[in-house]
Amino acid sequence: MMIEALIAVALVGALVTFVAPNRVAGKLAFAISLVPVALSLWLFTAFDGSGNALLDGTLAFESHYEWIQLGEYTISWFVGLDGISLPLVVLTTILTSLAIMSSWTPIDERESQFYGLVLFIEASLIGVFAALDFFLWFIFWEAVLIPMYLLIGIWGGPRRKYAAIKFFVYTNVASLLMFGAFIALVFGLGDAVTSFALPEVTDAMLNGGPEGFFGLEGTTLASVVFVALFIGFAVKVPVVPFHTWLPDAHVEAPTPASVLLAGVLLKMGTYALLRFNFTMFPDQVEAYAVPIAAIAVISVIYGAMLALAQTDLKRIVAYSSVSSMGYVILGLIAYTQFGVGGATFQMVSHGLISGLMFMAVGVIYNATHTRLVTDMSGIADRMPVAVGILVAGAFGYMGLPLMSGFAAEYFIFFGAFGADFAYAPLFTGLAMFGIVLVAGYLLFALQRTVFGPYRLETDYEVSRAPLHDLAPMFVLLGLIIALGVAPDLIFEMITDAVDPILEGGDL
Amino acid sequence: MEGAFSYAPAIAAFPLVAFVVALAFGKWLPKKGAIPGIAATAASLLFSLWMLVAVASGETYHETLYEWTAGEAASEVGADGIAFSFGLLIDPLSALMLVIVSLVAFLVHVFSLGYMNAEGETGLPRYYAGLGLFTFSMLAFVYADNLLMAFMFFELVGLCSYLLIGFWFRTRSAPSAAKKAFLVTRFGDYFFLIGVVAIAATFGTLQFAGDQSFVAAAETAIDDGATLFGFDAETWVTITGLLVLGGVLGKSAQFPFHTWLPDAMEGPTTVSALIHAATMVAAGVYLVARMFGYYALSPTALAIIAFVGGFTALFAATMGVVKDDIKQVLAYSTISQYGYMMLGLGVGGYVAGVFHLMNHAFFKALLFLGAGAVIILMHHEQDMWKMGGLKDKAPVTYWTFLAGALALAGIIPFSGFWSKDEILYDAIIVGLEEPVILAAYAMGLVAVFFTGFYTFRMVFLTFHGEPRSEAAEDPHPVGWSVKFPLIVLGLLALVAGVANLAPVAKLANVDITFLEHWLDGEYGAIEGLTYGAYGELLAYETGVIGTEQQTVLIAAGLSLLLAFSGAGLAWKLYNAPEPVAHKERLGSAGTVVEDNYYQDEYQVWLAEGVTLPLARVADRFDQTVIDGLVNGVSSASLFSSSWVKRIQTGIVTNYAALIVAGFVALLLGLGLYGGWF
Amino acid sequence: MAIYELPQWAALGPALLLAATALMLFLFDSISPRSTNRSLLAGTAAAGSLASLAVAVWFTAAGVGTPTAEGGRGVIDPTHGFVVDQLALYFMIVVAIVTALIVVASYDYLVDHAYQAEYYSLVILAATGMSLMAAADSLVTIFIALELASLPSYALVAILKDNRGSVEAGLKYFLIGALSSAIFVYGISLVYGATGHLELSAIAEVITDGEADPYGGLLGLGLLMLIGGVAFKTASVPFHFWAPEAYEGAPAPISAFLSSASKAAGFVIAFRIFTEAFPLGEIGAVIGFDWTVAFIVLAIVTMTLGNFAAATQDNVKRMLAYSSIGHAGYALIGLAGLTVDGGELVMGAAMMHLLVYGFMNTGAFLFVALAEHWGVGRTFEDYNGLSAQAPVACAAMAVFLFSLAGIPPFGGFFSKYFLFVGAIEAAAANMAMLVVAAALVVNSALSLYYYSRLVKALWIEEPPATRDRLAQPTGIYAAIVVAAVMTIVILPGFGPVVDAAIGAAEAVVG
Amino acid sequence: MIGVEYYVLLSMAVFSIGLVGVLTRRNALTFLMSVELMLNAANINLIAFAFYHGNLTGQVFALFTMALAAAEVAVGLGIILVLYRNFRDIDVTVPTTMRW
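Residue numbers (our numbering), protein chains in the order written: chain A, 2 to 508; chain B, 257 to 933; chain C, 1288 to 1797; chain D, 108 to 207.
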């Protein structure tokens, strides 16, 4: 029942915050959000699961109730955690709390609604990572859209309406495609499955696979579904060329929304890829390895190139997310322990680092009210600490050793280099060039904005950032370094959940 | 002595603590964090000496202290698990290097008291924190026992250089130089990282030493004639070795990655001293020495190392000739000197290379700190043409600087001569068999001349002649904290050569090549990491001119001759009361050299003339084509929507008509489908 | 449950209760014609519809219509021409719910309106007709019930006599309605000609026995004309033309009534006629094609046209009107997806959708009623920033809109995605259903766009400077809040809905 | 004895006439009449078929239809009345305030 408690606290908290007066909403929401943090940390310590949730591993905190009987198919409330989902849940709760605190400064209207929505997102995200029944999972998956749409739309920047609707519709279309594909797969599996529970579907896929549907051969159907699912998730990740909603959404979103968007929402896509494509379709993964690896490399390099061309700090970080997610895809397609495990590790790591970056940029924006590289210079002179953290975050993004980013990327590279598919070392080498480009655009941006002689046209004096803006970033920095120095904090449980995937479920 | 090693981690830990203290509390400390830094480096120095003694007493230390992570990974040679760990490897080489690093770091800290504090700089906590982190990273790198750990701290060293070079971030140039330093070295590290990954994926281990080391694994693989990633073992070893070499070239500022180093002079001179003498730049060469066994397996890689080294030595030396900024001259001399070390290692002169690394650490630190002193004297003027006549006004600075200069120029009996001569000797004896090496040797030899020239040009312009500016008229005095390090290093520059008087040994047939014995593990070493062991791996033929003695004499004589002639020419041209520039005599060649052979230009062009426009094109493509497609879909559907709703004309009779029409259409359609007509 | 004590005819209880309520209202009106005792009238109407709802629910719970095999009481034939099975009860429930909601809302909407009693009695009368449509199983009773539902609706749409929009709407609705019913009756006559019967089961027998084979053309034409009549009631292409104007011009509660209850009633007769009278397969043998083909075409065209036309509306009510055409298209999948051997999943999904639609769409129109009550205007711009002044109502509206768009965690999600599931399942037998599924995807994406446009207006846009504070009419608020709460809680409580709907579907198919 | 097909033809003719009227006439009353024609076409069918099939269902239904038609006319006339009051015209093509 712990997971239900987790979700319930967030939901109730959301409702409470909605009706709370604006003055106290921020503090209240933060206080409430500490409960999920505590709970999830307790889950983390009390975690007793092993193996992969979809491949009859033993789930932690499982609970399973029948919900709806749809024809011969059962839909049930089915949640549980394994080594892959638990770290992401913890990431979610922590990032939410920090995001809430980091929005005390920038959010100055309709606070109660704002914080309510943030808590609502938290609830949905936890659900996404914990749900093990397709319908339940899909409900949470879609439920994230509404609050994010409103967060961007109401508290966003000048082009917020365009960005919000683009994000909303684009990702929803992808979800529909993915949904249809998966349903077709379930029907294709015929009598092998009698519910939408993911473990059952996975089991059916690994033992026998689909019999075929609307006239398609079983294997053909599997391939079609694989591709459709991949596209559906690729939009969320996002993978080039389905990425164009991301920069708009990020640039327009308020800082905390960006933090959650980059920190956790993108991980939904990669998480789903791992859970569906890379767990249920080992044969297709093998068959499509080379094209997917190519896509990954393109995402890394192309995304970095785009970031290089930007002058808006947030846009730079946004495009760099595209690049970083490319690494995740590379790690997944490597289909080795370090590859897939590293990809999962990168989900967490990138969540922390990009969250830190967006917070730092946000803090600077709060003071300068501009994000354009060309508008400012030498900010370090006025806000040394904030800039210090920004620089630290930037180096974390560049994969500086002893920070989580390096661990993640190194795992991925190592895992991908020894992967089985053709030209794996070549693809890896190409993708690794991202570490040079990322250094390029981040250092360029730093040099031009925070260093050099102080220059900024304002009619007021730029002052140091308040403590409650800095505190969350220190926490994140601490976590990043902790994971960089001791990746086994989570990497062990991740690999424990990843191994069954690679063994195709037969343990 | 066994107990000693259990304290080894402290060597790196002290500076780390100093870093934290300075960063957190430096603002409130006296001297803004200098004290903890000095204390920490002093402690590190003592412990390092202790390690040295311990090794001398025959002990070595190779221990895995902390497992970073481990997992399954089917490696190319079969091992199906791999552990990435942090461990210490203390053998003669690393023990020696520990002492060098901690000594120089200590002296630099002390010097900083005079150079930074006394000059009333701001942001000192940041400065000392940077120094602390820098020292920590370098020390940890030095006694890392595996390639991944080495890479990690290698990167951290890069970070520290970025922070310290960009110390004066309020200027325009410093941040730019810092960025350049990090980017260029990062570019090298890109290859390094591929190399690390490749080696790990190939051999399933990254250990430097022991039977479990990748070196051993590579050796067996070559003996078994295994095929790795589709190449035969030796080729693959060469490839991976060269990939790792990328990082080395970047950090040690070898051609073509040398461009960042002169710009790095934007940092405080003390930082330059640290970077050039003992930490960042040294790290590259040290890495080659550290995994020398691996390179020894691949003659191709070694030859490339040697050639690049020789070329860089000459190439940089020529550029040093025409610089007016005292620090610039030193910068190019650094590049050139590391070229020598690469040459030495490339020809298998493991001892020679390390020997020169050591000597260079001392005299280059000396020269930079001397230059720093001069800069203090000159009220932060760096143009040598504005100096002159400091000889009498600052005797300590002068004599110590002179010692360093003599060592750099390789004038007997100063330390530089012995090591450089040994490198050239090792080069020629191999060169007699291998034309490529011979070419490398020739370049190295010619470079000696230029070295002598620019060194003494610098000395004469700075200290001799008449003062050429009022700053030079009455220099700013320097305190003990400046003089003390100079004196220490000055002495070392003079006597350090004693460590390995190879020529003397060969000629007089006396056994005084202590360093060689040291590195050959006569006092204690780890299996396979000795000069002897490397020697067996090496595939080089060596030859002699006449007898060995004659060869020694010829080699030494040649280099001395060139050094002296270079120095002499400088004396003739610049040792005048009112020296004048002679660049125009060089003509067009001079301008080419002054512009550093347009190296920066083409690299900047690569960055800003190629990559950036490419990025812009990609951005435009993204905005127009890809995003345009997305927006196109929506606008298309909205357009069709505005068109569709027009059929609702509002006139009810039209509705009736449309209903009937629609009904008839349905009727006909289904009728045809059902085959009514 | 003491149901056997009740006579057979009592099975029609829900409809009869509504009829009684209507008569009571007439009685009241004839006693005191000028009275405008709103609370009494609205109260009676609400009570009547709630009673009808309660009875219908009770019967369902008591197992009326559930096959005796499953421990139910089996189908009940109250009287000739009517049948009370799960399908009937299910739609009686839907109708009763919508009626109750809009009656409560009308309490405020009709402030200082002259013809209170007429209004309520007409509403209840129409509701009676719809409730009877649910139970009618003979073309005669179906036609009569349909007219009983239609004629009051015409009057209701035009009841704002001095409002040009209302009158125009009434006229168009009536004219198209008259035309459609003419076509419908003619279709009936042709079917009668071909089979000689008007009871659906009897028609089915004739067709199965092959006695109608010589009259294939006649039967086919009649069948299409019946489809036409149904299409009118459900506002499906090509008989949808009345809908936008009628919904836009009518008083908002009536728009809600028509677009939810009337549509549902239309669908129930569609489900009944085509599944019971024209068994798939046999009918194909007679007239050359299965009527599912027709509904596949209609479904695709209807949903596409409805959503595309809605996308660029400026008038909120008209947008909702078109969207309700689109939803008719979705519900048609329930018929299009049927196959010879079953299809209760897809038809059940359509029924679920109609039930949820009864809450969310009614609620949406009632919000428009609220806006008209405030007099803020009709266009999206006029709605800008209402959330600042009426957060509760606007939150409810957001719920309705997202639910209409099929976004969780709201009821609309399940029904819509089950339709999607059903369509895909049906595609196994009939590839054309894949096109339907694709159309569903495209359209729901588009619908997302225009629904969120309204959310944007309400929540994102800045309110105009000049707008005095808004009243909070109890009735409308109550109705809206109830509808919103139901829309939300129906998601976790969807299990029973699914069982009821699928049971109802099984009553007629398979 | 006239075959049923003739009645069917007749009813179809009447139906078509009504339909044409609906499509062409703009006067609301004429429109209404045309609809009545179509309804009566249906009645002809019903009665003819009832005779043909030999059961009375059709005839009974025809009676219902007439009654309903009357009710329909009543409602229709009421609407046309208010139409006239609001638009000063009973041309069905005049009210076009709502379109698109």
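We put the CB at the ideal spot given by N, CA and C, even for glycine.
Just so it is clear, the structure is predicted and the values come from calculations on it, not from any experiment.
Rounded C-alpha distance that separates C/Ile1279 from C/Asn1594: The question about residue 1279 of chain C has no answer, for chain C in this structure spans 1288 to 1797.
Chain-ordered chain A contacts of B/Thr867 [CB-CB under 9 Å]: Met306, Leu309, Leu438 and Gly441
Cross-chain neighbours of C/Phe1689 in chain A, by beta carbon under 8 Å: Ile147
B/Ile450 Cβ short of 7 Å to the ligand NAP heavy atom set: For the ligand NAP, the structure offers nothing, since it holds no ligand at all.
Assigned secondary structure, C/Ile1290 (DSSP; H/G/I helix, E/B strand, else coil): Annotation note: pLDDT 49 at C/Ile1290 (below 50); position unreliable, coordinate value reported separately. Coil.
A/Gly389 versus B/Ala520: straight-line alpha-carbon distance, rounded: 21 Å
Validate contact between the stretch 674-681 of chain B and the stretch 783-800 of chain B using beta carbons, cut 8 Å, 3 pairs: no
Same chain, Cβ closer than 6 Å to C/His1527, neighbours up to 5 away in sequence not counted: Ile1612
DSSP-derived helix/strand/coil call for C/Ala1423: strand
Contact between the stretch 154-167 of chain A and the stretch 42-57 of chain A (3+ Cβ pairs under 8 Å): no
Pairwise C-alpha distance: C/Ser1523 and A/Ala165: 32 Å
Cβ-Cβ distance between A/Val265 and A/Leu96 below 8 Å: yes
Amino acids of chain C, ordered along the chain, whose beta-carbon sits closer than 9 Å to that of D/Met205: Gly1452, Glu1455, Ala1456, Lys1459, Pro1531, Glu1532, Glu1535, Gly1536, Asn1602 and Arg1605
C-alpha gap between D/Ala178 and C/Ser1437, whole angstroms: 11 Å
Rounded Cβ spacing between A/Val20 and A/Ile33 (contact assumed at less than 8 Å): Wrong, their Cβ atoms sit about 13 Å apart, outside the cutoff.
Contacts around B/Tyr779, its chain only, beta-carbon distance under 8 Å, and the 5 residues preceding and following it disregarded: Val311, Ala312, Ser313, Gly314, Pro348 and His773
Sub-8 Å separation of A/Ala198 and A/Leu151 beta-carbons: no
Residues within the stretch 697-718 of chain B neighbouring chain A, beta-carbon criterion of under 7 Å: none
Per-residue contacts from C/Ser1610 into chain A (C-beta, under 8 Å): Neighbours of C/Ser1610 on chain A: none; closest Cβ ~16 Å, over 8 Å.
Alpha-carbon to alpha-carbon, A/Leu12 and A/Leu508: Any reading at A/Leu508 must be qualified, since the residue scores a pLDDT of 41, below 50, and its modelled position is unreliable; the value itself is stated next. The alpha-carbon atoms of A/Leu508 and A/Leu12 are separated by roughly 38 Å.
B/Val808 versus B/Tyr710 - alpha carbon distance: 26 Å
7 Å CB neighbourhood of D/Val142 in its chain, flanking five on each side removed: Gly125 and Val129
Ordered list of alpha helix (DSSP H) runs contained in the stretch 344-413 of chain B, each at least 4 residues: 348-368 and 380-398
Extent of the continuous beta strand (DSSP E) to which B/Trp861 belongs: No beta strand (DSSP E) contains B/Trp861, which DSSP labels as neither H nor E.
Supposed contact pair A/Ile317 and A/Ala308 - C-beta distance, whole angstroms, cut 8 Å: 5 Å
8 Å Cβ cutoff, A/Glu218 in contact with chain C: no
Stretch pair the stretch 1533-1551 of chain C + the stretch 1501-1510 of chain C: three plus CB contacts closer than 8 Å: no
Burial state of A/Trp246 (16 or more Cβ within 10 Å): buried
CB-CB length for B/Met643 against B/Leu717, believed under 8 Å: 6 Å
Stretch pair the stretch 1614-1621 of chain C + the stretch 1716-1735 of chain C: three plus CB contacts closer than 8 Å: yes
Closer than 8 Å to chain B by CB, D/Arg195: no
Boundaries (first-last residue) of the alpha helix (DSSP H) holding C/Thr1482: Arg1451 to Thr1482
Given B/Tyr551 as reference, the closest of B/Phe390, B/Phe511, B/Ala474 and B/Glu689 once Cα atoms are compared: B/Ala474
Cβ-based burial, B/Pro733 [other Cβ within 10 Å; buried from 16]: exposed
Residues of the stretch 430-447 of chain B with Cβ closer than 7 Å to any Cβ of chain A, in chain order: Pro431, Ser432, Lys435, Phe438, Leu439, Arg442, Phe443 and Tyr446
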